[in-house]
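Below is one structure, written out as structure tokens, with a few remarks after it.
So this is what it looks like as structure tokens:
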């Protein structure tokens with residue numbers, strides 16, 4: 001039996017990406033950076049406690065979900081027909097608003113988005129690490145990481161209570 | 001989904017991720033540059049292509065390979081979303097609409113939050129059985145793909161009231 005994703009899940013993903021407004025089907029297929037942004041954005045969304053059902057593991061550029069990649073490719077074919085979606089639970093809708101604010105703070109900086117997602121992932125895998133230990137782990141994986149960027153990532157993770165959401 | 005199998009979904013079966021061992025196994029084989037044929041045994045075709053593409057892209061900038069599982073994966077409840085154009089209908093009205101669409105033989109798939117019918121299902125089971133399964137399942141959301149005459153697809157979404 002082939003693995004498949006219910007179309008309802010592809011619709012959910014599409015509905016959320018419509019609200020976020022950055023997903024462009026053609027560029028997604030052609031541009032690795034676009035796929036990376038999609039991966040890290042949905043990872044952080046789930047870290048906010050808004051779980052869409054995607055499992056992530058650590059790959060070369062931080063958290064990565066093959067299932068999300070598959071769904072996003074499927075979505076690219078039908079994106080124009082999919083309406084935006086809202087959360088049934090008002091608290092989740094409010095949390096989504098906070099998530100959007102955080103994305104605004106990050107801006108269009110895909111490297112920083114990757115750093116935040118990666119820092120969050122490494123922290124979850126190693127909850128015992130203090131800030132210094134976490135920084136060493138991140139630098140091991142991403143040698144070009146600047147301390148100031150790492151500190152900013154930690155600040156945002158704290159500000160938006162992301163580690164508390166799980 | 002294949003054949004005439006209909007899958008009933010609940011929170012436990014909604015998403016069945018590969019095991020970590022399978023994922024690590026695939027990545028290790030990529031790193032060891034084993035044959036694509038061997039890799040394909042572990043990843044289904046389309047996934048293999050997508051993941052390998054991104055993996056190779058990532059290798060251009062990252063030389064460090066490290067794999068770790070997400071410790072919280074698949075343990076959290078999936079959020080419930082409502083599509084903004086969803087038609088809000090009663091279960092009885094929804095079933096009447098489905099019955100009507102099924103008679104056209106143009107329904108490509110019918111996907112709800114609990115029951116899924118793919119094209120092969122819809123063309124091998126009677127519409128009475130489809131309606132019966134929908135009737136007995138406590139569905140709250142539904143998505144229907146309808147073939148258009150010009151070969152495109154119309155997508156219908158429903159929010160089903162109690």
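Chains as they are written, first to last, in the working numbering: chain A, 1 to 166; chain B, 1 to 162.
Ideal Cβ placement from N, Cα and C applies to all residues, glycine included.
Note that this is a predicted model, so its numbers are computed, not measured.
Just to confirm the assignment, what range does the alpha helix (DSSP H) spanning residue 67 of chain A have? Here residue 67 of chain A is taken as the residue at index 67 of the first chain, counted from 1. 66–78 is the span of the alpha helix (DSSP H), which, as asked, contains residue 67 of chain A.
Decide if the segment 75–88 of chain A is in contact with the segment 146–156 of chain B; the criterion is three or more beta carbon pairs, one per stretch, under 8 Å apart. With a cut-off of 8 Å, the segment 146–156 of chain B and the segment 75–88 of chain A count as touching, because enough Cβ pairs lie within range.
Helix or strand or just coil, what does DSSP make of residue 41 of chain A? Sequence index remark: in the first chain, residue 41 of chain A carries index 41 (1-based). In the three-state scheme derived from DSSP, where H, G and I count as helix and E and B as strand, residue 41 of chain A is classed as helix.
Against chain A, with Cβ distances strictly below 8 Å, would residue 109 of chain B count as a contact? Indexing the second chain from 1 puts residue 109 of chain B at position 109. Contact with chain A is found for residue 109 of chain B, since one of that chain's Cβ atoms lies less than 8 Å from the residue's Cβ.
Strand pairing of residue 160 of chain B, partner residues [DSSP]: For this step, residue 160 of chain B is matched to residue 160 along the second chain. Within the DSSP bridge table, the entry for residue 160 of chain B names B:89 as partners.
What is the C-beta distance between residue 25 of chain A and residue 76 of chain A, in whole angstroms, given that I count them as a contact (C-beta under 8 Å)? Working through the first chain from its first residue, we reach residue 25 of chain A at position 25. Working through the first chain from its first residue, we reach residue 76 of chain A at position 76. The beta carbons of residue 25 of chain A and residue 76 of chain A sit about 4 Å from each other, so the pair counts as a contact at 8 Å.
Got a sec: is the Cβ-Cβ distance from residue 42 of chain A to anything in chain C below 8 Å? The chain inventory of the structure shown lacks chain C, comprising the protein chains A and B.
Please confirm if residue 83 of chain B has its CB atom under 8 Å from at least one CB of chain A. Within the second chain, numbered from 1, the residue matching residue 83 of chain B stands at position 83. It does: the Cβ of residue 83 of chain B has a partner Cβ on chain A nearer than 8 Å.
Hey, does residue 148 of chain B have any beta-carbon neighbour from chain A nearer than 8 Å? Your numbering for residue 148 of chain B matches position 148 in the second chain. With a threshold of 8 Å between beta carbons, residue 148 of chain B makes no contact with chain A.
Report, in whole angstroms, the separation of the C-beta atoms of residue 113 of chain A and residue 40 of chain A, which I expect to be a contact under 8 Å. By one-based count along the first chain, residue 113 of chain A stands at place 113. By one-based count along the first chain, residue 40 of chain A stands at place 40. Yes, residue 113 of chain A and residue 40 of chain A are in contact; Cβ-Cβ is about 5 Å, under 8 Å.
Contacts that residue 89 of chain B makes with chain A (C-beta to C-beta distance below 9 Å): To locate residue 89 of chain B, count along the second chain from 1; it is residue 89. Those within 9 Å of residue 89 of chain B in chain A number zero; the least Cβ separation is about 16 Å.
Can you grab the Cα-Cα spacing for the pair residue 136 of chain A / residue 148 of chain A, in whole Å? Counting from one through the first chain, the residue named residue 136 of chain A turns up at place 136. Counting from one through the first chain, the residue named residue 148 of chain A turns up at place 148. Roughly 14 Å between the two C-alpha positions.
Within 8 Å of chain B by C-beta, residues of the segment 82–103 of chain A in sequence order: Those would be 82, 83, 84, 85, 86, 87, 88, 89 and 92, in chain order.
Say whether the segment 98–109 of chain B touches the segment 136–149 of chain B, bearing in mind that this needs 3 or more beta-carbon pairs closer than 8 Å, one atom from each stretch. Contact holds between the segment 98–109 of chain B and the segment 136–149 of chain B, because three or more Cβ pairs, one in each stretch, are under 8 Å apart.
Going by Cα to Cα distance, which pick from A:6, A:27, A:32 and A:42 is closest to residue 17 of chain A? Taking the first residue of the first chain as position 1, residue 17 of chain A is located at position 17. Per the Cα distances, A:42.
Are the beta-carbon atoms belonging to residue 11 of chain A and residue 79 of chain A less than 8 Å from one another? One-based indexing of the first chain puts residue 11 of chain A at position 11. One-based indexing of the first chain puts residue 79 of chain A at position 79. With a cutoff of 8 Å on beta-carbon distance, residue 11 of chain A and residue 79 of chain A are scored as not near each other.
Would you say residue 133 of chain A faces chain B, with C-beta separation under 8 Å as the test? In the first chain, the residue the question calls residue 133 of chain A occupies position 133. Chain B, which has no Cβ nearer than 8 Å to the Cβ of residue 133 of chain A, makes this no.
Could you confirm whether any beta carbon from chain B is found closer than 8 Å to the beta carbon of residue 150 of chain A? Along the first chain, read from residue 1 onward, the residue named residue 150 of chain A stands at position 150. So no, residue 150 of chain A is outside the interface.
Please name the residue, chosen from B:123, B:80 and B:111, that lies closest to residue 104 of chain B on a Cα-to-Cα basis. Start at 1 with the first residue of the second chain, and residue 104 of chain B comes out as number 104. Cα-wise, what sits closest to residue 104 of chain B is B:123.
With 8 Å as the threshold, decide whether the Cβ of residue 25 of chain A is near any Cβ in chain B. Walking along the first chain from the start, residue 25 of chain A turns up at place 25. Chain B contact via Cβ: absent.
For chain A, find out if any of its Cβ atoms is closer than 8 Å to the Cβ of residue 116 of chain B; answer yes or no. Residue mapping note: residue 116 of chain B aligns to position 116 of the second chain, counting from 1. For residue 116 of chain B, the answer is yes, since a Cβ of chain A falls inside 8 Å of its Cβ.
DSSP three-state label for residue 17 of chain A, please. Here the question's residue 17 of chain A lines up with position 17 in the first chain. Assignment of residue 17 of chain A by DSSP, reduced to helix, strand and coil, places it in the helix class.
Go through its chain and collect everything with a Cβ distance to residue 156 of chain A's Cβ below 7 Å, but skip five positions before and after it. Reading the first chain from its first residue, position 156 is the one you call residue 156 of chain A. So the qualifying residues of the chain are 102, 105 and 116.
What is the DSSP secondary structure of residue 91 of chain A, reduced to helix, strand or coil? Start at 1 with the first residue of the first chain, and residue 91 of chain A comes out as number 91. Looking at residue 91 of chain A - three-state DSSP - the assignment turns out to be helix.
Residue 87 of chain A and residue 93 of chain A: beta carbons closer than 8 Å? Here residue 87 of chain A refers to the residue found at position 87 of the first chain. Here residue 93 of chain A refers to the residue found at position 93 of the first chain. Closer than 8 Å, so yes.
Endpoints, beta strand (DSSP E) assigned at residue 117 of chain B: Position 117 of the second chain, counting from 1, holds the residue named residue 117 of chain B. 115–117 is the extent of the beta strand (DSSP E) around residue 117 of chain B.
Checking contacts by CB at 8 Å: is residue 64 of chain B closer than that to chain A? Sequence index remark: in the second chain, residue 64 of chain B carries index 64 (1-based). Note on residue 64 of chain B: pLDDT 49, under 50, position unreliable in the model; no value is reported.
Could you compute how far the alpha carbon of residue 87 of chain B sits from the alpha carbon of residue 14 of chain A? Here residue 87 of chain B refers to the residue found at position 87 when the second chain is read from its first residue. Here residue 14 of chain A refers to the residue found at position 14 when the first chain is read from its first residue. A straight line joining the alpha-carbon of residue 87 of chain B with that of residue 14 of chain A spans about 18 Å.
Select from A:125, A:19, A:70 and A:122 the residue whose C-alpha is nearest the C-alpha of residue 84 of chain B. Your numbering for residue 84 of chain B matches position 84 in the second chain. Checked all of A:125, A:19, A:70 and A:122; the closest Cα to residue 84 of chain B is A:19.
DSSP state of residue 152 of chain B, grouped into three classes? As a working mapping, residue 152 of chain B is identified with position 152 in the second chain. Reduced to three states, the DSSP call for residue 152 of chain B is coil.
Just the Cα atoms here: how many angstroms apart are residue 53 of chain A and residue 34 of chain A? Along the first chain, one-based indexing puts residue 53 of chain A at 53. Along the first chain, one-based indexing puts residue 34 of chain A at 34. For residue 53 of chain A and residue 34 of chain A, the gap between their C-alpha atoms comes out near 21 Å.
For residue 9 of chain A, does the count of other Cβ atoms within 10 angstroms reach 16, so buried, or fall short, so exposed? Residue 9 of chain A sits at position 9 when you count from the first residue of the first chain. Taking a 10 Å sphere around the C-beta of residue 9 of chain A, we find 16 or more other C-beta atoms and assign the residue as buried.
Would you kindly report the start and end of the unbroken beta strand (DSSP E) that includes residue 31 of chain A? As a first step, residue 31 of chain A must be located in the first chain, where it is residue number 31. No beta strand (DSSP E) holds residue 31 of chain A; DSSP gives it neither H nor E.
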